[in-house]
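Colleague: Before I ask anything, let me first share the structure, which is written out below as structure tokens.
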Amino acid sequence: MKISLQWLNDYIDLRDYNDRLDELSSLLTKSGLEVEDMENPSAHWDHIVVGELLEVGRHPDADKLTLCKVNVGGQEPLQIVCGAKNHKQGDKVAVATVGAVLPGDFKIKKSKIRGVESFGMLCSKTELGLSEESDGILIMDKAVKVGAPLKEAFGEGDVVFELNVTPNRADCLSHIGLARELSTLLDRPVKKTSPEIRESGKAIDDWIKVQLKDDQGCPRYCGRIISGVKVGPSPTWLQQRLQAVGVNSINNIVDITNYVLFEYGQPLHAFDYSQIQKQTITIEKAKTGESFTTLDGTEVKLNDHDLLIKDGGRAVALAGVVGGQNSGVSASTTDIFLESAFFTAEGVRKTSRAHGIETDSCYRFSRGVDPEQTLAAMDRAAALIQELGGGEIQKGHVDLYPKPVEFNPIKISIDYVSERLGFTIEAQDFVGWMKRLCCQVNGSGDTYEVTPPSYRWDLNIPEDLVEEFARLHGYDQLEETLPKLVEEPTPHAFAFDFNNKVSQLLAGLGVYQSVNYAFTGENLWKSVWGRVDVAQSCGLKISEAPVKLKNPISEELAVMRESLLPSLLKNVSHNNNHGISFGRLFELAPTHYREGEVYKEEMRLALAFWGQAEGLWDTQNKIPLIYTLKMVVEGLLTKIGAKNWRWQNMAELAPGFHPGQSIQLFYEGKIVGLMGTMHPQLKADQKIRSEVAWAEFNFEALSARQPRQPQFHSLPKFPSVERDIALLGPETVSAQDIGAEIKRAAGPLLESFQVFDVYQDKALKEAGQRSIAFRMHFQSAKETLNDEQVNELRDKVVNSVCQKLGLEIR
């Protein structure tokens, strides 16, 4: 948030800090309001003066340029070539004369532009450092003096602070709010603002009727009628102040509502009275599916939790968020209805997130505004409109406040504060700081009741007051003391340790961990699993009715995840789209589902591999990606000590998996997950070009039977011996069936085996055959195996596999 030092001086005297800006910045930062930047645009305004355009003509050799004669207060007018289109004879403009240096070290020199000499430049807001965007040169107020330095016309030396205001300090999102904070820190008075209202004309009841039908979402609603206004440009001082905080000027009415927003922190809205149907305003909840068109023409479909401002049945504003296209102030507006309300933070935040609309108004409402300044802020705006827009404030005002907001006192003891901070606190120090915060303090001795002011929504419990005292006392002034701790033995967190172990094992196998949001789109899991029963047949719990978030960030993040694979699908797609054609990811995280009215969670492990490792040392033996994934999973199972597991083909395939290239994992006699190649159609839908293999397992089932204490075995004393065999046979014979027979035939001397090659040329494919190569590792715990023993075991395996499965040696 941007704060103007000149503007701030209207409410608290900080002139003594003009030469100590770093000290003021440090004071704010230490109090928790971090100053990210300080800007002083006028530092670059030497040799920039106010000029008047005497003549504006066409450039003789360029249709898009104008040739201007500019009076800058000298004996002769300056000839300046300009590329903008928004100026005319008689306009007052900012002229950078020869010798000026604009922001960005842009030096103004005498120059020739398309053959015509130019002795300066007409400046835009951007070139002066007043705005990030501009639509032409700066046109100034007619009242400014020709030849006056720009610093004099705009006010010399205004410094703009860029503050990072934390969400709990909504009270500091305004100049008056920051003045209160500095008043507390510096023990200086805040200058009171009391707008002068001069009412006339008809009573407000003769103009409009207001009905408050939802005092939960809108506890307070105020309004005034101002007639006979003249919509036009704002005076220079108002434009300057808005520009200082990064707001472009629109017209005097809209600018005044924005001005009061940054002055008081209270959002306002001005309705064109002539556009209000039936002269009635109603505050009520929307109906699901009801449509609303915002000021910028965006159509929004509403929910039943959205709060609307209606006139005679149609929506004219989304309460606290944005106004409607059908009721905004225009150049022809003469009468306005000025709204100032207190909308609850929860309701505005929910509406803003649901529809993805962020405005200065909802930014403040969603953090909490002061319900007691609603009327004062409205009167301030009304007085300014009367002064700058020539309006007539009609008699009376609307103020519907059926249930005033109450702030409960917080009970706290001085001993409690001392105990939490670790050093002794004096009661008078604590009470003094609380009173400087404008809190009401009752009590004596050790115990007090502290009632926070209406703008401090962040003070609710004793710990909040302890934090405030520490902040104001100075975190850097707190005494260093060792905390008092009572050490108690804690139970061994097996699940946590096991999760870490698995993550480290997978990282050691070359798989990177992915951390995704715990929420996703409502039906995203269906692209992978299709139906609930298919996922459940793989040992994974998924329910038709997901766990929905009450206040989702967006529709794409509206429910808790029921599967990890959709998140990994997004990761793979994102990497592919950014040219990352090779990757290995895993995610170990809980999923959530419903059983009736009970919410449950299930720990899952998901993996996704895509592409081949081009140019790396392991590319000499390329095998299908599914086998690489299978080896990693089996390696993990071996590392964690899993014993009774096997693979089996699926009876009914999930739509996200390729038929014929997917298998289920059985562990301890139960199905615990699925692994396979991604279905080509899903790859096409996601525009993924690489081969993808992925898997998801019920991690709780995998970890349930794991030993709580590791079992150690002595290292082998004798070397292992390898033998390779390539078996040719029908492609209907699975590698799993062959592996089972190899294991049975080889006996206890077979230490391990794995597939290292699958071959199928055109002729073999037409014949319905393929070759699968296995590497077997033999090892004895008693002796070194010789070639004769190993060859005998190999022949035994070959004979058994060929006879029982109808294969042959290739």
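Note that this note's numbering numbers the sequence shown so that position 747 is 956, with each residue one more than the last. Positions of the beta carbon are idealized from the N, C-alpha and C atoms, including for glycine.
Using the three-state DSSP reduction, which class does residue 763 fall into: helix, strand or coil?
Modeller: For the purposes of this step, residue 763 is identified with residue 554 of the sequence shown, where counting begins at 1. Looking at residue 763 - three-state DSSP - the assignment turns out to be coil, as it is neither helix nor strand.
Colleague: Which one or two residues does DSSP pair with residue 275 in a beta bridge?
Modeller: Locating residue 275 in the sequence shown gives position 66, counting from the first residue. Residue 275 pairs with 267, 291.
Colleague: By the three-class DSSP mapping on this structure, what secondary structure does residue 1057 have?
Modeller: With the chain running from 210 to 1019 in the structure shown, residue 1057 is simply not present.
Colleague: Provide the residue(s) that pair with residue 329 in DSSP beta bridges, ordered along the chain.
Modeller: Translated into the one-based positions of the sequence shown, residue 329 becomes position 120. Residue 329 is bridged to 306.
Colleague: Which ranges does the alpha helix (DSSP H) cover as unbroken runs of at least 4 residues, wholly within the segment 589-626, from first to last along the chain?
Modeller: You should have found no qualifying run.
Colleague: Can you give me the C-alpha to C-alpha distance between residue 257 and residue 526, rounded to a whole angstrom?
Modeller: Position 48 of the sequence shown holds residue 257. Position 317 of the sequence shown holds residue 526. C-alpha separation (whole angstroms): 43 Å.
Colleague: Along the alpha helix (DSSP H) that carries residue 234, what are the first and last residues, could you check?
Modeller: Numbered from 1 along the sequence shown, position 25 holds the residue referred to as residue 234. Unbroken alpha helix (DSSP H) run through residue 234: 230-239.
Colleague: On the CB-based measure, 16 or more other CB atoms within 10 Å of its CB, does residue 528 come out buried or exposed?
Modeller: Along the sequence shown, read from residue 1 onward, the residue named residue 528 stands at position 319. Classification of residue 528: buried, given that the 10 Å Cβ count is 16 or more.
Colleague: Leaving out five residues before and five after residue 944 in sequence, what residues of the same chain have Cβ atoms less than 6 Å from its Cβ?
Modeller: To locate residue 944, count along the sequence shown from 1; it is residue 735. Counting only Cβ-Cβ distances below 6 Å, and skipping sequence neighbours, we find 964, 981.
Colleague: How many Å lie between residue 642 and residue 633 at the Cα?
Modeller: Here residue 642 refers to the residue found at position 433 when the sequence shown is read from its first residue. Here residue 633 refers to the residue found at position 424 when the sequence shown is read from its first residue. When rounded, the distance between both Cα atoms is 15 Å.
Colleague: Run through the DSSP bridge pairs and tell me what residue 877 is partnered with.
Modeller: Within the sequence shown, numbered from 1, the residue matching residue 877 stands at position 668. None; residue 877 has no bridge partner.
Colleague: To the nearest whole angstrom, what separates the beta carbons of residue 596 and residue 435, a pair I think is in contact under 8 Å?
Modeller: Reading the sequence shown from its first residue, position 387 is the one you call residue 596. Reading the sequence shown from its first residue, position 226 is the one you call residue 435. Wrong, their Cβ atoms sit about 11 Å apart, outside the cutoff.
Colleague: Just how far apart, CA to CA, sit residue 265 and residue 343?
Modeller: Counting from 1 along the sequence shown, the entry for residue 265 is found at position 56. Counting from 1 along the sequence shown, the entry for residue 343 is found at position 134. About 21 Å.
Colleague: Over the uninterrupted beta strand (DSSP E) stretch that includes residue 839, give me the two end residues.
Modeller: Counted from its first residue, the sequence shown places residue 839 at position 630. Premise fails: residue 839 lies in the alpha helix (DSSP H), 834-848, not in any beta strand (DSSP E).
Colleague: According to DSSP, is residue 450 part of a helix, a strand, or is it coil?
Modeller: On the sequence shown, position 241 is the one that residue 450 refers to. Residue 450: helix per DSSP, three-state reduction.
Colleague: In this structure, does DSSP put residue 799 in helix, strand or coil?
Modeller: As a working note, residue 799 is residue 590 in the sequence shown. Strand, per DSSP.
Colleague: In chain order, what residues of the same chain have a beta carbon less than 7 Å from the beta carbon of residue 962, not counting five sequence neighbours either side?
Modeller: What you label residue 962 is simply residue 753 of the sequence shown in a count that begins at 1. Excluding residues within five positions, the ones whose Cβ falls inside 7 Å are 948, 951, 983, 984, 985, 986.
Colleague: Taking just the CA atoms, how far does residue 759 sit from residue 542?
Modeller: On the sequence shown, position 333 is the one that residue 542 refers to. On the sequence shown, position 550 is the one that residue 759 refers to. C-alpha separation (whole angstroms): 41 Å.
Colleague: Apart from the five residues just before and just after residue 329, which ones in its own chain have a Cβ nearer than 7 Å to its Cβ?
Modeller: As a position in the sequence shown, residue 329 is number 120, starting the count at 1. Taken in chain order, the residues that qualify are 287, 289, 304, 305, 306, 307, 317.
Colleague: If we ignore side chains and look at the alpha-carbon of each, how far apart do residue 482 and residue 417 end up?
Modeller: Numbered from 1 along the sequence shown, position 273 holds the residue referred to as residue 482. Numbered from 1 along the sequence shown, position 208 holds the residue referred to as residue 417. Straight-line Cα distance between these residues: approximately 9 Å.
Colleague: One question on the structure: do residue 388 and residue 664 come within less than 7 Å of each other, judged by their Cβ atoms?
Modeller: As a working note, residue 388 is residue 179 in the sequence shown. As a working note, residue 664 is residue 455 in the sequence shown. The answer is no: Cβ separation not under 7 Å.
Colleague: Consult DSSP for residue 829 and reduce its assignment to one of helix, strand or coil.
Modeller: Position 620 of the sequence shown holds residue 829. The pLDDT assigned to residue 829 is 47, lower than 50, so where the model puts this residue is not dependable, and the model offers no usable value.
Colleague: With a CB to CB cut of under 8 Å and the five nearest residues on each side skipped, what residues in its chain are close to residue 988?
Modeller: On the sequence shown, position 779 is the one that residue 988 refers to. Excluding residues within five positions, the ones whose Cβ falls inside 8 Å are 925, 927, 928, 929, 930, 958, 960, 994.
Colleague: Determine the extent of the beta strand (DSSP E) in which residue 644 is found, giving its start and end residues.
Modeller: Within the sequence shown, residue 644 is the residue found at index 435, counting from 1. Segment 636-645 is the alpha helix (DSSP H) holding residue 644; no beta strand (DSSP E) there.
Colleague: Hey, out of 348, 673, 494, 505, whose CA is closest to residue 567's CA?
Modeller: Taking the sequence shown and counting its residues from 1, the one referred to as residue 567 is at position 358. Taking only the C-alpha atoms, the option nearest residue 567 is 505.
Colleague: Can you grab the Cα-Cα spacing for the pair residue 238 / residue 372, in whole Å?
Modeller: On the sequence shown, residue 238 is found 29 positions in, with the first residue counted as 1. On the sequence shown, residue 372 is found 163 positions in, with the first residue counted as 1. C-alpha separation (whole angstroms): 9 Å.
Colleague: Mind checking which residues open and close the beta strand (DSSP E) that includes residue 649?
Modeller: Stepping through the sequence shown from its first residue, residue 649 is reached at position 440. That run of the beta strand (DSSP E) goes 649-653.
Colleague: Which of helix, strand or coil does DSSP assign to residue 1051?
Modeller: Residue numbering for the chain in the displayed model covers 210 to 1019; residue 1051 lies beyond these limits and cannot be assessed.
Colleague: Can you check which of these residues, 268, 277, 484, is closest to residue 262 by C-alpha distance?
Modeller: Within the sequence shown, the letter at position 53 stands for residue 262. When each option's Cα is compared against that of residue 262, the closest is 277.
Colleague: Taking the alpha carbon of residue 849 as the point to measure from, which residue in 874, 877, 912 has its own alpha carbon closest?
Modeller: Position 640 of the sequence shown, counted from the start, is the residue given in the question as residue 849. Checked all of 874, 877, 912; the closest Cα to residue 849 is 912.
Colleague: Less than 7 Å between the C-beta atoms of residue 378 and residue 469, yes or no?
Modeller: For the purposes of this step, residue 378 is taken as the residue at position 169 of the sequence shown. For the purposes of this step, residue 469 is taken as the residue at position 260 of the sequence shown. No. Outside cutoff.
Colleague: Per DSSP, what are the beta-bridge partners of residue 981 in this structure?
Modeller: Taking the first residue of the sequence shown as position 1, residue 981 is located at position 772. According to DSSP, residue 981 bridges with 936, 967.
Colleague: Would the beta-carbon of residue 580 fall within 7 Å of that of residue 552?
Modeller: On the sequence shown, position 371 is the one that residue 580 refers to. On the sequence shown, position 343 is the one that residue 552 refers to. Taking 7 Å as the Cβ cut-off, residue 580 and residue 552 do not qualify as a contacting pair.
Colleague: What would DSSP say about residue 386, mapped onto helix, strand or coil?
Modeller: Against the sequence shown, residue 386 aligns to sequence position 177. Residue 386: helix per DSSP, three-state reduction.
Colleague: According to DSSP, is residue 747 helix, strand or coil?
Modeller: Against the sequence shown, residue 747 aligns to sequence position 538. Coil.
Colleague: Could you round the C-beta distance between residue 884 and residue 839 to whole angstroms and report it? I think they count as a contact, below 8 Å.
Modeller: As a position in the sequence shown, residue 884 is number 675, starting the count at 1. As a position in the sequence shown, residue 839 is number 630, starting the count at 1. About 7 Å; that satisfies the 8 Å criterion.
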